[in-house]
Amino acid sequence: MNVLVVGSGGREHAIAWKLAQSPKVEKVFCAPGNGGTQEVAQNVPIPADDFAALVQFVKDEGIDLTVVGPEAPLLDGIVDFFMQRGLTIFGPTAMAAKIEGSKSFAKCLMKRHGVPTAAYESFIDYQSALAYVREQGAPIVIKADGLAAGKGVIVARTLQEAEQALFQIMQVGEFGQAGSRVVVEEYMEGEELTLLSFVDGETVKPMITVQDHKAAYDGDKGPNTGGMGTYAPVPHVSQELVEQIVETIIVPAAKGMVRDGMPFRGILYTGLMLTADGPKVVEFNARFGDPEAQVVLPLLETDLLDILLAAVNGELDSVDVKWKQESAVCVVMASAGYPGDYEKGIAITGLEQAAARTIVFHAGTKRTEEGLVTSGGRVLGVTGIGSSLPAAREAAYSGVEQIRFAGAHYRTDIGEKALRRQV
Ligand code: AMP
Ligand code: GLY
59 MNVLVVGSGG REHAIAWKLA QSPKVEKVFC APGNGGTQEV AQNVPIPADD
109 FAALVQFVKD EGIDLTVVGP EAPLLDGIVD FFMQRGLTIF GPTAMAAKIE
159 GSKSFAKCLM KRHGVPTAAY ESFIDYQSAL AYVREQGAPI VIKADGLAAG
209 KGVIVARTLQ EAEQALFQIM QVGEFGQAGS RVVVEEYMEG EELTLLSFVD
259 GETVKPMITV QDHKAAYDGD KGPNTGGMGT YAPVPHVSQE LVEQIVETII
309 VPAAKGMVRD GMPFRGILYT GLMLTADGPK VVEFNARFGD PEAQVVLPLL
359 ETDLLDILLA AVNGELDSVD VKWKQESAVC VVMASAGYPG DYEKGIAITG
409 LEQAAARTIV FHAGTKRTEE GLVTSGGRVL GVTGIGSSLP AAREAAYSGV
459 EQIRFAGAHY RTDIGEKALR RQV
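Everything in the sequence shown is counted per our numbering, starting at 59 for the first residue and increasing by one.
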């Protein structure tokens, strides 16, 4: 079979890498891909938002399955576009992807189907939002309704911060259209956890648990990023808790979407808060996480192609999804300045040495005549695998130490909090 992966980040490298291991896969293509996907796939210079060109390519090359990595093309209807043309594609329709694209849509859905989440109200009128925030008091959480590159959520510790956030979003228009509606949410206290699931309408197959590190610097300091590192599985989360999350949250959400006439078929990313009242949803995403995919996929034992094909055919219940009994840690190496402005085109060395003990997933890299150079904020995700979390951490950082590019920055504490808990 020939497969096309749409996207160009570390997540897409991990998806292409995993699919390339399937004995049933003849050739993997990646559009547009990056300097790393080239090692496991053939890069195709078509941007992820050019649906017509992608369809033409799929027809010309006889691609059997297209897999979509990022949220933007999903929300823009790439799956609908392919399906209308009779092509096989893995991912949710634009309607179902709204579970990520609109916070108020996701909150309504959860309320309708009894999925535990923070209490909330949504507003389009600034004065009403302000009155509600003043009535509720701090701490309180203000969220721009639409996609805002991970910056549209303000966890306000004081009323002043909350009022300022509302003003920035609703009056100044900091996030443009994405902020024309805001969701004001109860503050939830607890530990965060991510559970990704393969979903095919009603059938839910959970993956292993993951924790991301969103802040730019050690100790969860500094601005929020797309994710600076992940580890899986989370050792202190029991199988019982995972089952509870699946039964009380993910299955009701999936069944609810089927009942609402917009079945979700794809990867459902559930961001959770483990509160004193049990697990509650922080957010849903309609795709693999990045860098969550870089730790989850290396631990997947089952052929990814089999799972994705079963899901698109509505036969996910027939697949036994198995995991390796190991741990994985991914450390993201970013450009100096990220998540703010950064330079591109900086030479990267040491990848071969790092590859001896780690899997190096590329995010923002490009191959040039002078060699591999940086081309994005998050440059590489270095994944270490081991029999335990400490062993995986040791492997990941041994790889990181081999890699050099000017100004590289990374967190040195990925997975550390979980280790402290264990002793
Ligand atoms: P989101 O984009 O909705 O995942 O929010 C980004 C981050 O804000 C989450 O990962 C949490 O750390 C935090 N957050 C979001 N909603 C809440 C909430 N209701 N209570 C506490 N923290 C929250
Ligand atoms: N790493 C967080 C996300 O992919 O949404």
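Just so it is clear, CB atoms sit at the ideal spot from N, CA and C, and this is done for glycine as well. All values derive from a computational prediction rather than experimental measurement.
Contact test: E250 Cβ vs the ligand GLY heavy atom, cutoff 8 Å: no
Span separating the alpha-carbon of L358 from that of D183: 46 Å
Length of the line joining the Cα atoms of A386 and V125: 23 Å
G422 burial status per 10 Å Cβ neighbour count (16 or more: buried): buried
Spatial neighbours of F163 in its chain, beta-carbon cut-off 6 Å, leaving aside the 5 residues before and after: K156
C-alpha gap between A482 and E350, whole angstroms: With the chain covering 59 to 481 only, the question about residue 482 has no answer from this structure.
Residue closest to Y275, alpha-carbon to alpha-carbon, out of G284, T267 and G120: G284
Contact set, the ligand GLY heavy atom to C-beta under 5 Å: D270, G285, G347 and D348
Within 9 Å, strictly: CB atoms of I116 and L62: As written in the sequence, residue 116 is Val, which differs from the Ile given in the question. Contact flag set, yes.
Rounded straight-line distance, which links the Cα of G204 to that of Q235: 7 Å
V61 - containing beta strand (DSSP E), residue span: N60 to G65
Distance between T95 and V83 (C-alpha atoms, nearest Å): 15 Å
Contact test: Y275 Cβ vs the ligand AMP heavy atom, cutoff 8 Å: no
Touch test, the segment 281-295 against the segment 404-412, Cβ-Cβ under 8 Å, three pairs minimum: no
Among I417, P174, E193 and M228, the one whose alpha carbon lies nearest that of V354: I417
Counted within 10 angstroms of its Cβ, other Cβ atoms place G210 as buried (16 or more) or exposed: buried
beta-carbon V440 near the ligand AMP non-hydrogen atom, thresh 8 Å: no
9 Å Cβ cutoff met for P128 and G65: yes
Contact test: K85 Cβ vs the ligand AMP heavy atom, cutoff 8 Å: no
Bounding residues of the alpha helix (DSSP H) (the contiguous stretch that carries R170): K161 to R170
Run of the alpha helix (DSSP H) containing P131, from where it starts to where it stops: E129 to L133
Proximity test, K272 beta-carbon vs the ligand AMP heavy atom, cut-off 8 Å: yes
Top-ranked residue by Cα proximity to V86, from N60, A412 and K169: N60
Endpoints, the alpha helix (DSSP H) within which E305 is located: That residue, E305, is in no alpha helix (DSSP H); it is neither H nor E in DSSP.
A176 CB to nearest heavy atom of the ligand AMP below 8 Å: yes
Exposed unless 16 or more other CB atoms sit within 10 angstroms - verdict on P105: exposed
Selection from V173, G208 and L133 that minimises the alpha carbon distance to W397: Here residue 397 turns out to be Pro, not Trp, going by the sequence shown. Here the closest residue by C-alpha is G208.
C-beta atoms of M246 and F181 nearer than 9 Å: no
Touching by the beta-carbon criterion (3+ pairs, under 8 Å), the segment 440-457 and the segment 364-376: no
Cβ contact (3+ pairs, closer than 8 Å) linking the segment 73-83 and the segment 136-144: no
Classification of A428 by the beta-carbon crowding that lies within 10 angstroms, buried from 16 upward: Reading the sequence as shown, one finds Glu at residue 428 and not Ala. With fewer than 16 Cβ atoms within 10 Å of its Cβ, E428 is classed as exposed.
Spatial neighbours of T151 in its chain, beta-carbon cut-off 6 Å, leaving aside the 5 residues before and after: V137 and D138
Unbroken stretches of the alpha helix (DSSP H), 4 residues or longer, contained in the segment 435-479: 447-460
N371 beta carbon near the ligand AMP (any heavy atom closer than 8 Å): no
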